[in-house]
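Each remark here refers to the structure printed beneath this line.
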Amino acid sequence: MNFQRIPISALIGLILTGVFVFMAIFAPWITPYGAAEIVGDVWEPASARFWIGTDNLGRDLLSRMIQGARITIFIAAAATMMSFTMGALLGFSAAVIGGWTDQTMSRGVDLLMSIPTLIFALVVLSVLPSTLLTLILVMAVLDSTRVYRLSRAVAVDINVMDYVEAARLRGERIQWIIFREILPNALTPLVAEFGLRFIFMVLFLSSLSFLGLGVQPPDADWGGIVKENKDGIIFGIPAALIPAAAISALAISVNLVADWILNRTSDLKGGRG
Amino acid sequence: MHPIVKLVAQRIALGLLLLLAASVLIFVGTQILPGDVAQSILGQSATPEALANLRRDLGLNDPAYVRYFKWLSGVVQGDLGVALSNGQNIAEAMGKRLGNTMFLATWAAIFSVPLAVTLGLVSVRYRNRWPDKLISGLSLASISLPEFFTGYVLIYFVSVKLRWFPSVSIVNDGMSMLEKLNAIALPVAVLTMVVLAHMMRMTRAAILNVMQSAYIETAELKGLTLFNVIRKHAFPNSIAPIVNVVMLNLAYLVVGVVVVEVIFVYPGMGQYLVDHVSKRDVPVVQATGIVFAAVYIGLNIVADIVSIVANPRLRHPK
């Protein structure tokens, strides 16, 4: 691959995403203090000891941010992967099997999408125990409706191709058709969508945590850190803006990368260098 | 029967059916999930008596479908039940808040819709030149910003540093219209930013789609002025898609309001829902859920009806 040909916006996106992912992976080794450790006064300004100040309880904000990067990216990535596995599998099956199976699943998805995602998540989370697993599952199931629609649409187009017909005629089973014929050909549009869904998950998780229904204390993702520090804003303490800005930066940089991939893959004049 | 009336009636019936199904979904989501609702409300340390009492109060001893129909017949008659946490009548508590939320959403729509459509037109007019690129760059950025980032940045700079507007949006009946508007200035600004980008991009796409069709080229080639091309040919054909875009975004606005209300401590539906979700107050959550779903589905129906009515091919059948 030729690095000269990467546009500047995509390069910025790649670097920033890389920094965040690095923070997430190596969090325990690069945090200056323990994330739950009270090390200073409440809302200390930035200093040589605390690079971006301390939070509402006197914990080091930088350490919490790095730990938060890990939690945010881990949950969002897990939920996205689960949503893709579920959505793509069901979408492909609906397209390949067709008939009543397709109708039932598609109308079910329509129904699920008729209630706003955030509202439905709140409704369900009001009775479910607040654990990490339920959170990831709820996010994944609600988001898989979007993936289902996309993968069904893509698979319907592929399903009428001659090679699928040939596979059917030589008597391959449904699993073969889905995994060996449809999946490899549907991968490109799905990969492009992956980035966008990931951003949506990050924003969704942050909103839930901000509302106090996502990651539970003492752990905190970035949305949770905003919630912890939001009361300082009216006293002129900008601590809550830092995690909020981090969420925006992550979302924008992944968006830039996804945009570039989308352009490259849809570019017929040989984008695949 | 005129085909339009038939189509509209079909669409409304479909919407009502969808709403009914949504009510089932909301009910199922809160009642028949694995685990005991009473247990999850009271926590692991609850005494057996307290659990039994709560189960009786919630009617959990009846089978699920009986509870559903009891609840549904209440909802249809405007009786949303009482809140578990404070015993208040939900319909009464919600009425005022629904009004407040609608007030906020309406003002956000009043600012964002004309702005979005104008900017969409500008970016079509200067397609692929710098205004278009600037606008699409900004909209890409604003789609990535969470509501609370925009919200707290505005509070920090506009209300804490410059002291132009209050940081907390408290409204009550004693306030004049101007005072109310002053109070909701910042949440309206945030909501506008949230929907603006999306609405603008979709408007741009809708108009571009129309402008690239063959009849526009014909109109240009036969020598009509640009103004006449737009007035007679482009505009009537883009009403339906634009109205659709606007309605979808209004529906989004009603949902986006949840986070914004929490940021600005605004006494609306979103705040009400979030408060009671963390208290695990199931009846309130169900009631708010169904109201939000109704508004959302309702706006979607309106969008469909407008695009049916605006379609000349349906209005003047052969």
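Protein chains in written order, with the working numbering: chain A, 195 to 467; chain B, 654 to 971. Idealized CB from N, CA, C, for every residue including glycine.
On the three-state DSSP scale, how would you describe residue i?
i: asparagine 739 of chain B; result: coil
i: isoleucine 823 of chain B; result: coil
i: arginine 782 of chain B; result: coil
i: arginine 253 of chain A; result: strand
i: isoleucine 246 of chain A; result: coil
i: isoleucine 232 of chain A; result: strand
i: arginine 966 of chain B; result: helix
i: isoleucine 206 of chain A; result: helix
i: leucine 733 of chain B; result: coil
i: valine 354 of chain A; result: coil
i: histidine 929 of chain B; result: helix
i: threonine 295 of chain A; result: helix
i: proline 920 of chain B; result: coil
i: isoleucine 892 of chain B; result: helix
i: lysine 875 of chain B; result: coil
i: threonine 225 of chain A; result: coil
i: valine 321 of chain A; result: coil
i: threonine 700 of chain B; result: coil
i: valine 658 of chain B; result: helix
i: alanine 859 of chain B; result: helix
Measuring only between beta-carbons, confirm whether residue i sits less than 9 Å from chain B.
i: leucine 397 of chain A; result: yes
i: valine 358 of chain A; result: no
i: valine 420 of chain A; result: yes
i: serine 338 of chain A; result: no
i: glycine 293 of chain A; result: no
i: glycine 389 of chain A; result: no
i: glycine 467 of chain A; result: Because the pLDDT of glycine 467 of chain A is 34, which lies under 50, any placement of that residue in the model is unreliable, and the question is left without a value.
i: glycine 417 of chain A; result: yes
At the 9 Å Cβ level, is residue i part of the contact set with chain A, yes or no?
i: histidine 975 of chain B; result: Coverage of chain B is limited to positions 654 through 971, which leaves residue 975 of chain B absent and any answer about it impossible.
i: tyrosine 721 of chain B; result: no
i: tyrosine 809 of chain B; result: yes
i: isoleucine 823 of chain B; result: no
i: serine 738 of chain B; result: no
i: tyrosine 925 of chain B; result: no
i: lysine 814 of chain B; result: yes
i: isoleucine 788 of chain B; result: no
i: alanine 858 of chain B; result: no
i: alanine 904 of chain B; result: yes
i: isoleucine 837 of chain B; result: no
i: tyrosine 868 of chain B; result: no
i: isoleucine 665 of chain B; result: no
i: isoleucine 743 of chain B; result: no
i: phenylalanine 917 of chain B; result: no
i: phenylalanine 801 of chain B; result: yes
i: valine 980 of chain B; result: A question about residue 980 of chain B goes unanswered here, because the residues of chain B that appear run from 654 up to 971.
Taking 9 Å as the cut-off, decide whether the C-beta atoms of residue i and residue j are in contact.
i: phenylalanine 818 of chain B; j: leucine 435 of chain A; result: no
i: leucine 903 of chain B; j: alanine 758 of chain B; result: yes
i: glutamine 756 of chain B; j: isoleucine 837 of chain B; result: The amino acid occupying residue 756 of chain B in the given sequence is phenylalanine; glutamine does not appear at that position. Yes, they are a contact pair.
i: aspartate 137 of chain A; j: threonine 274 of chain A; result: With chain A running from 195 to 467 in the structure shown, residue 137 of chain A is simply not present.
i: alanine 361 of chain A; j: isoleucine 352 of chain A; result: no
i: serine 738 of chain B; j: asparagine 449 of chain A; result: no
i: threonine 683 of chain B; j: valine 935 of chain B; result: yes
Quick one: which chain B residues come within Cβ less than 7 Å of residue i?
i: serine 320 of chain A; result: Thr683, Val930, Arg933, Val935 and Val938
i: glycine 406 of chain A; result: Ser931
i: serine 400 of chain A; result: Pro799
Whose Cβ in chain B lies nearer than 9 Å to the Cβ of residue i?
i: asparagine 449 of chain A; result: Leu793, Ala794, Ile796 and Ser797
i: isoleucine 393 of chain A; result: Ile796 and Ser797
Kindly list, in the order they appear in chain A, the residues whose Cβ is closer than 8 Å to that of residue i.
i: isoleucine 679 of chain B; result: Ile309, Phe314 and Val317
i: serine 805 of chain B; result: The sequence as given places tyrosine at residue 805 of chain B; serine does not occur at that position. Under the 8 Å cutoff, chain A gives Val420, Lys424, Ile427, Ala434, Leu435 and Ala438.
Taking residue i as the query, report the chain B residues whose CB atoms sit under 8 Å from its CB, ordered along the chain.
i: leucine 305 of chain A; result: Leu671, Ala674, Ala675 and Leu678
Is any heavy atom of the ligand NAD found at a distance shorter than 8 Å from the C-beta of residue i?
i: proline 767 of chain B; result: The model on display carries no ligand, and the ligand NAD is accordingly not part of it.
Who are the neighbours of residue i on chain A, taking C-beta pairs under 7 Å?
i: valine 911 of chain B; result: Leu312
i: valine 908 of chain B; result: Pro310, Leu312 and Ile313
Short-range partners of chain B found in the segment 426-457 of chain A, where Cβ spacing is below 7 Å: Ile427, Ile428, Gly430, Pro432, Ala434, Leu435, Ala438, Ala439, Ile441, Ser442, Ala445, Ile446 and Asn449
Below 7 Å between beta carbons is the criterion; list the residues of the segment 940-956 of chain B that meet it against any residue of chain A, in chain order. Gly942, Phe945, Ala946, Tyr949 and Ile950
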